[in-house]
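Peer 1:
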Amino acid sequence: MNHTKLSTIFAKNRAEELPDDIWNKYVLPLNYEDANLLSFSKSTVVKGGRGSGKTMFLKYHCYPTIFSKNKQELLENELNNIGIYWRPDTDFSNMITKNYLDENWKVAFNAYIGLSIFSEFSKLITNFIASNYKNENHINSAKELIIPDDFKELFGLKDRIRITDFDTICQKYRSQLNDWLNYPEGKPPIIFGANQKLLYFINTVIRVIEPFENTTFHIFIDEFENLAKEQQILINSWIKHSQSPLIFHIAYKKHYKVTSDTLSNEQIVDVNDYRIIDLEKLYEDNFEILASEIILSKLNSYFKEEPIYNLSDIKLIEKRRKKLYQDDIKNRVKKIFPSLSRVEIVIELFKDKALYNKLEKLIKDGLNYQKSKLDYKLFIDLDRKEESLINAILLHRDKINPNELLKNFEEKNISYYKDLINNNLVGSILLIYTSYQNKTCPYYAGFERFIMLSQANIRHLLELCHQSIIEYEKRNNKEFFRIKNFSIPIEIQTKAVRNTSKTQIDKIANLGKYGKDLQKIVIRLGKIFNLSQKRDSQSMAEVNQFTLKSYEINSSDEDGEKLINECKVWGILQEENNNKQTTDKDNARYLYILHPIFAPYFGISDRKKRKIDLSYEEFKNIFINREEEYQKLYDKYSNRWSISNPSKDSIYNTNSLLDFI
Amino acid sequence: MSLEITHIYSYSQLDEISIENKNAILFYGESLDNRSDEVFSYYSNIISNKYKITYDENKFELIINGDTKIRHHLFGENFIETLSFQNYYIDATSLGFAEILLILHNLNKLKSLRSIKIVYAEPKKYKKDKSTPFKDDFDLTKVLGNFNKIPPYLLPIDSNSPSKAILIPCLGFENNRLGRIMESDDGARYEKYIPILGLPAFNPSWENISLRRHHQELKNITDIKFSPANNPYETYQVLDDIYKNNFRKTLVLAPIGTKPHGIGAIIFLINKDEEGIKIGLTYDFPKKKENRTDGIGKIYEYTCKIIKYERG
């Protein structure tokens with residue numbers, strides 16, 4: 012009997028909370044061969060948004076995972092390329108700058124990075140000795156490794172010490188460097204060029220013993236975007252000249268603007284000096300498979316079920332590409348997170364008295380709008396619910412003649428309704444549901460929707476699962492949980508989806524310096540899209556995107572540019588090329604899509620469908636201006652779209668506690 | 004040497020406070036609201052020697068009376084040590100966390116015994132923000148700064164550190180200040196959080212605002228400590244208890260709650276530093292809004308003395 016809650020397995024969705032050894036835990040993406048960080052003889056820039064699993068990806072390539080004791084055997088060829096992960100304390104490294112230390116910053120930064128990586132080399136050898144490597148002679152030679160003679164002098168040691176003990180010395184110097192930074196008078200306690208000394212150390216010490224004689228060491232610097240510009244420039248210079256046996260790689264948030272300058276006049280250039288791996292793109296193609304595997308591997312670990320394959324093992328990727336296997340795992344996850352088809356959703360809608368009443372009202376209002384005396388009941392047929400729903404919105408469109416519509420309906424004109432259903436059914440369902448704040452639409456439930464809502468973002472996906480299981484645990488005794496019949500009902504999922512969506516909006520305030528501004532933008536945009544979703548005619552169904560009408564945000568509009576970029580960096584808005592110009596005047600280059608994870612809270616669509624064009628003034632009212640100006644814009648749209656029930660509560664409630672009860 | 008809070012006096016009016024004007028000096032900061040104006044005007048009428056101190060967190064220097072700039076590590080030698088007074092008054096209403104920390108850090112190094120009085124006036128109420136869509140937002144901060152360290156209280160915790168640390172945040176009204184730390188840390192540096200909530204708060208029920216606003220951040224936290232929002236002495240004791248119960252663990256303070264909590268944290272940092280124990284500090288340097296509070300509430304005078312530290 013497992014005493015922990017199942018939900019906690021899904022709560023641990025942050026790579027750093029996992030150990031450094033992630034063998035058996037990390038699910039390799041199916042197209043991993045193209046992205047293997049250890050297979051490339053130049054540097055790599057790893058880009059990914061928040062929650063894209065950057066740190067996990069980097070750690071997969073590092074020595075704690077490569078030397079994992081969970082591996083049955085460590086093979087010799089696995090020693091050809093070994094990674095070392097380093098995430099600086101960026102508040103601390105911000106002190107090691109020109110600003111604080113003048114010209115001393117460079118020697119101090121070299122010391123900080125050098126000592127940290129030397130210390131990692133010491134741990135690397137210790138881990139190697141403890142690994143399941145079969146060649147005893149090699150292990151013994153690693154045990155005997157000692158620091159070179161000139162290091163004795165550099166580190167002020169009496170005797171030469173073993174590499175395995177070198178970590179303690181490095182930590183001592185890191186501490187001394189810290190003391191010096193507190194009172195930065197004179198020179199730092201230790202001075203050496205990190206890149207040169209590391210190369211020297213690798214060549215004269217590590218590569219001398221047989222197991223490592225051909226090894227290339229890869230240093231992965233995480234959170235590169237948070238380093239100071241001069242520090243980035245220094246590391247770029249190392250990247251420019253990176254080659255075996257020492258290659259530097261960097262990882263940073265997508266859309267972040269980092270410098271490509273080096274210490275010389277040259278810049279580092281894509282293809283020539285490095286390649287880029289965009290993690291979201293890497294996951295995008297096979298995200299449904301990856302997501303199924305991640306969810307099942309978590310459930311397997313909880314239920315102590317033997318997994319089909321070790322998902323961290325590159326040798327097994329081929330087997331994971333088989334259709335039979337993929338269909339099987341997808342079906343298993345779909346059983347856990349079932350969904351309703353659109354037809355079934357409509358059936359549920361008709362069963363719910365309040366929702367059905369809303370449908371009737373919509374038809375009556377539509378007939379009034381058309382000044383038609385026809386009986387509203389004629390437009391409803393319980394055997395043709397989808398068509399009835401479509402009737403309700405069509406009656407609010409100017410170009411519709413109620414008599415002609417009725418004729419098509421009575422004649423059961425399938426071809427008339429076919430496209431209308433395809434294009435308007437989801438919008439119509441959401442329209443009915445937006446009338447009731449306490450009802451969440453079952454449309455948002457199911458594994459396929461989770462994939463859509465999370466958009467290749469692993470953190471969002473796991474949070475959707477986590478919240479669903481929390482809700483499930485509240486109502487079920489875990490003693491009866493079995494993996495075979497484990498399935499989360501639709502209504503639990505929809506509640507969980509709304510909770511997740513709301514929680515993600517709450518958390519925007521924590522994203523960087525401008526978090527509160529970003530949160531405000533999401534709420535304001537979401538409310539406008541929600542307003543559009545309430546349009547009875549649904550003539551512009553499923554609006555969740557915008558373009559900027561006849562202008563572009565550029566550096567002349569500092570605040571606008573900054574906020575748009577922050578929205579991109581934090582994955583709040585997705586920017587795409589505007590390929591669907593609506594009119595000749597629509598010359599906007601970019602299309603901005605609100606991340607679908609926010610859609611359930613606002614009751615809007617998660618599909619990339621329609622957009623609104625914002626004027627510069629409207630953009631400013633949403634992104635920058637005070638609430639009064641925004642409210643005027645909201646009211647303007649409310650009138651223009653003839654919304655009968657705009658959101659009465661114009662204020663977003665950050666009180667999540669009450670919102671969720 | 005170490006600092007000790009010997010008395011806490013509470014007043015309902017400024018003119019109830021008697022000030023020693025002989026051999027006295029006042030340190031004060033940027034005034035942002037009418038309560039800091041009132042405190043400054045009352046004290047500066049009696050104390051003629053006064054210095055306005057501000058700290059530039061980007062240049063790591065202190066600015067005296069708006070013009071003289073001193074690097075943080077020379078602030079003691081080139082400024083505090085050149086003063087020769089008996090009664091030191093620190094206006095914590097207008098001074099920021101970093102300024103109070105660096106003033107006290109350097110006063111504590113002075114050889115002869117001094118009297119230090121820290122004055123703090125509570126606000127009567129905080130203003131609500133009407134310019135945002137958020138229902139219960141207070142209008143306290145223009146923009147949050149970077150989480151810079153404040154030397155000499157540096158302590159790096161990175162992927163190469165031998166262990167992760169425990170973060171001790173003091174909770175105020177602005178949950179995104181803690182949320183930001185959690186989000187950017189992402190589990191990399193902190194293995195545990197032990198927040199301190201101001202209880203009792205300045206006003207009855209204000210603790211509920213703080214709790215409600217931190218609902219999201221506190222979700223998975225089981226260990227919350229309490230200390231009166233106006234009492235640095237108690238805060239010091241709470242911190243010391245946390246320290247004793249987490250022996251050998253690295254602690255990092257995030258003084259993002261009330262000013263008296265911040266003062267308790269400052270004295271704790273200074274005393275531990277004197278004992279050779281490294282405690283980390285992280286602070287976000289919010290740019291406070293002008294006139295963010297209305298009126299003046301209770302006024303406190305915290306009397307400190309410097310005691311000679313006996314190494315055991």
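Just so you know, the sequences run in chain order A and B. Those letters in the first sequence? Residues 12 to 672, by my numbering. Those letters in the second sequence? Residues 4 to 315, by my numbering. Cβ coordinates follow ideal geometry from the N, Cα and C atoms, glycine included.
1) Going by C-alpha distance, which of B/Glu23, B/Asn24, B/Ile171 and B/Gly99 is nearest B/Lys55?
2) With three or more C-beta pairs closer than 8 angstroms as the rule, is the stretch 181-200 of chain B touching the stretch 135-151 of chain A?
3) Please tell me whether B/Leu174 has its Cβ less than 9 angstroms away from any Cβ of chain A.
4) Return helix, strand or coil for A/Ser48, following the three-state DSSP convention.
5) Tell me the rounded alpha-carbon separation between B/Ser162 and A/Cys181.
6) Please classify A/Ser352 as buried or exposed, where buried requires at least 16 neighbouring CB atoms within 10 angstroms.
7) Quick one: residues in its chain with C-beta nearer than 7 angstroms to the C-beta of A/Asn321, no 5 flanking neighbours on either side, listed in chain order?
8) Along the stretch 513-528 of chain A, where does the CB come closer than 8 angstroms to a CB of chain B? Name the residues.
9) What does A/Trp97 touch in chain B if you count any residue whose Cβ is under 8 angstroms from its own?
10) Would you say B/Ala95 and B/Pro263 are within 9 angstroms of each other, going by their C-beta atoms?
11) Who are the neighbours of B/Pro155 on chain A, taking C-beta pairs under 7 angstroms?
12) Determine the closest residue to A/Phe132 out of A/Ser626, A/Met463, A/Arg218 and A/Asp568, with distance taken between C-alpha atoms.
13) So which residues of chain B does A/Ser130 contact, with C-beta pairs closer than 8 angstroms?
14) Take B/Arg183 and list the residues in its own chain whose beta-carbon comes closer than 6 angstroms to its own, dropping the five residues that flank it on each side.
15) Is the stretch 241-250 of chain A close to the stretch 114-131 of chain A, with three or more CB pairs under 8 angstroms?
16) Within the stretch 530-569 of chain A, note down every full beta strand (DSSP E) run reaching 3 residues or more, in order along the chain.
17) Grab me the residues of B/Asn310's own chain with a C-beta within less than 6 angstroms of its C-beta, minus the 5 sequence neighbours each way, in chain order.
18) Can you pull out the residues from the stretch 115-140 of chain A whose beta carbon lies closer than 7 angstroms to at least one beta carbon of chain B?
19) So the candidates are B/Ile73, B/Lys292 and B/Gly260; which of them puts its Cα closest to the Cα of B/Arg216?
20) Less than 7 angstroms between C-beta atoms, sequence neighbours within five positions excluded: which residues of the same chain meet that for A/Ser548?
21) Quick one: give me the first and last residue of the alpha helix (DSSP H) that B/Ala101 is part of.
22) Return yes when the Cβ of B/His76 is within less than 9 angstroms of the Cβ of A/Tyr194, no when it is not.
23) Take A/Lys345 and list the residues in its own chain whose beta-carbon comes closer than 8 angstroms to its own, dropping the five residues that flank it on each side.
24) Return the residue from the list B/Glu125, B/Glu177, B/Pro159 and B/Pro155 that minimises the CA-CA distance to B/Val146.
25) Over the uninterrupted beta strand (DSSP E) stretch that includes A/Arg286, give me the two end residues.
26) Do A/Ile583 and A/Gln466 have their C-beta atoms within less than 9 angstroms of each other?
27) For B/Gln16, name the three-state secondary structure that DSSP assigns.
28) Per the DSSP calculation, A/Trp97 is bridged to which residue(s)?
29) At the level of alpha carbons, what is the spacing between A/Pro222 and A/Phe212?
30) Under DSSP, the beta strand (DSSP E) around B/Thr71 begins and ends at which residues?
31) Taking all protein chains shown into account, do 16 or more other C-beta atoms lie within 10 angstroms of the C-beta of A/Ser127, making it buried, or fewer, making it exposed?
32) Closer than 9 angstroms, Cβ to any Cβ of chain B: which residues of the stretch 88-112 of chain A, in chain order?
33) Near A/Glu397, which residues of its chain fall below 8 angstroms by C-beta distance, leaving aside the five closest residues on each side in sequence?
34) How is the beta strand (DSSP E) around B/Gly265 delimited, first residue to last?
35) So the candidates are A/Gly167, A/Asn247 and A/Ile501; which of them puts its Cα closest to the Cα of A/Asn276?
36) Which residues in chain A sit within 9 angstroms of B/His108, going by Cβ to Cβ distance?
Peer 2: Well, looking at it:
1) On the second sequence, residue 55 of chain B is found 52 positions in, with the first residue counted as 1. When each option's Cα is compared against that of B/Lys55, the closest is B/Gly99.
2) no
3) Position 171 of the second sequence, counted from the first residue, corresponds to residue 174 of chain B. It does not; no Cβ of chain A falls within 9 angstroms.
4) Here the question's residue 48 of chain A lines up with position 37 in the first sequence. Residue 48 of chain A is actually Leu in this sequence, not Ser. Looking at A/Leu48 - three-state DSSP - the assignment turns out to be coil, as it is neither helix nor strand.
5) Position 159 of the second sequence, counting from 1, holds the residue named residue 162 of chain B. Position 170 of the first sequence, counting from 1, holds the residue named residue 181 of chain A. Cα to Cα, the separation comes out at about 14 angstroms.
6) Counting from 1 along the first sequence, the entry for residue 352 of chain A is found at position 341. With fewer than 16 other Cβ atoms from the protein chains shown falling within 10 Å of its own Cβ, A/Ser352 counts as exposed.
7) Translated into positions along the first sequence, residue 321 of chain A becomes position 310. Cβ within range, chain order: Asn35 and Leu327.
8) The stretch 513-528 of chain A vs chain B, Cβ under 8 angstroms: Thr514, Asp517, Lys518, Ala520, Asn521, Leu522, Gly523, Lys524, Tyr525, Gly526 and Lys527.
9) For the purposes of this step, residue 97 of chain A is taken as residue 86 along the first sequence, with counting starting at 1. Those are Asp161, Ser162 and Asn163, listed as they occur along chain B.
10) In the second sequence, the residue the question calls residue 95 of chain B occupies position 92. In the second sequence, the residue the question calls residue 263 of chain B occupies position 260. In terms of Cβ geometry, B/Ala95 and B/Pro263 form a close pair [threshold 9 angstroms].
11) To locate residue 155 of chain B, count along the second sequence from 1; it is residue 152. Chain A residues near B/Pro155: Asn193 and Tyr194.
12) Translated into positions along the first sequence, residue 132 of chain A becomes position 121. Checking every option, the nearest Cα to that of A/Phe132 belongs to A/Arg218.
13) One-based indexing of the first sequence puts residue 130 of chain A at position 119. Within chain B, the residues near A/Ser130 are Asn163.
14) Taking the second sequence and counting its residues from 1, the one referred to as residue 183 of chain B is at position 180. Closer than 6 angstroms at the Cβ level, and outside the excluded window around B/Arg183, lies no residue.
15) yes
16) The stretch 530-569 of chain A contains, as complete beta strand (DSSP E) runs of 3+ residues, the segments 554-559 (chain order).
17) As a working mapping, residue 310 of chain B is identified with position 307 in the second sequence. First, the amino acid is wrong: residue 310 of chain B is Ile here, not Asn. Closer than 6 angstroms at the Cβ level, and outside the excluded window around B/Ile310, lie Ser5 and Glu7.
18) Ser127, Ser130 and Glu131
19) Along the second sequence, one-based indexing puts residue 216 of chain B at 213. The shortest Cα separation from B/Arg216 among B/Ile73, B/Lys292 and B/Gly260 belongs to B/Gly260.
20) Numbered from 1 along the first sequence, position 537 holds the residue referred to as residue 548 of chain A. Excluding five sequence positions before and after A/Ser548, the CB atoms of its chain that fall closer than 7 angstroms to its own CB belong to Ile404, His407 and Arg408, given in chain order.
21) Here residue 101 of chain B is taken as the residue at index 98 of the second sequence, counted from 1. From DSSP, the alpha helix (DSSP H) with B/Ala101 extends over Phe100 to Leu110.
22) In the first sequence, residue 194 of chain A corresponds to position 183, counting from 1. In the second sequence, residue 76 of chain B corresponds to position 73, counting from 1. Contact flag set, yes.
23) Numbered from 1 along the first sequence, position 334 holds the residue referred to as residue 345 of chain A. These residues qualify, in order along the chain: Gly457, Phe458 and Glu459.
24) Taking the second sequence and counting its residues from 1, one reaches residue 146 of chain B at position 143. It is B/Glu177 whose Cα lies nearest to the Cα of B/Val146.
25) Here residue 286 of chain A corresponds to residue number 275 of the first sequence, with the count starting at 1. Note, A/Arg286: beta strand (DSSP E), Tyr285 to Asp289.
26) As a working note, residue 583 of chain A is residue 572 in the first sequence. As a working note, residue 466 of chain A is residue 455 in the first sequence. No, Cβ-Cβ distance for A/Ile583 and A/Gln466 is not below 9 angstroms.
27) The count along the second sequence starts at 1 and reaches residue 16 of chain B at position 13. Of the three classes helix, strand and coil, the one that applies to B/Gln16 here is coil, per DSSP.
28) Locating residue 97 of chain A in the first sequence gives position 86, where the first residue counts as 1. Paired residue(s): A/Ile232.
29) Locating residue 222 of chain A in the first sequence gives position 211, where the first residue counts as 1. Locating residue 212 of chain A in the first sequence gives position 201, where the first residue counts as 1. Going from the Cα of A/Pro222 to the Cα of A/Phe212 covers about 16 angstroms.
30) The count along the second sequence starts at 1 and reaches residue 71 of chain B at position 68. Run containing B/Thr71: Thr71 to Arg74, per the beta strand (DSSP E) assignment.
31) Working through the first sequence from its first residue, we reach residue 127 of chain A at position 116. Residue environment analysis places A/Ser127 among the buried positions, since at least 16 neighbouring C-beta atoms fall within 10 angstroms of its C-beta.
32) For the stretch 88-112 of chain A, residues whose beta-carbon sits nearer than 9 angstroms to a beta-carbon of chain B comprise Tyr96, Trp97, Arg98, Pro99, Asp100, Thr101, Asp102, Phe103, Ser104, Asn105, Met106, Asn110 and Tyr111.
33) On the first sequence, position 386 is the one that residue 397 of chain A refers to. Hits under 8 angstroms: Arg353, Val354, Val357, Tyr428, Ile432 and Leu436.
34) Position 262 of the second sequence, counting from 1, holds the residue named residue 265 of chain B. Premise fails: B/Gly265 lies in the alpha helix (DSSP H), Lys262 to Glu277, not in any beta strand (DSSP E).
35) As a working mapping, residue 276 of chain A is identified with position 265 in the first sequence. Selected option, being the one with the closest Cα: A/Asn247.
36) Within the second sequence, the letter at position 105 stands for residue 108 of chain B. None at all; the shortest Cβ gap to chain A is about 11 angstroms.
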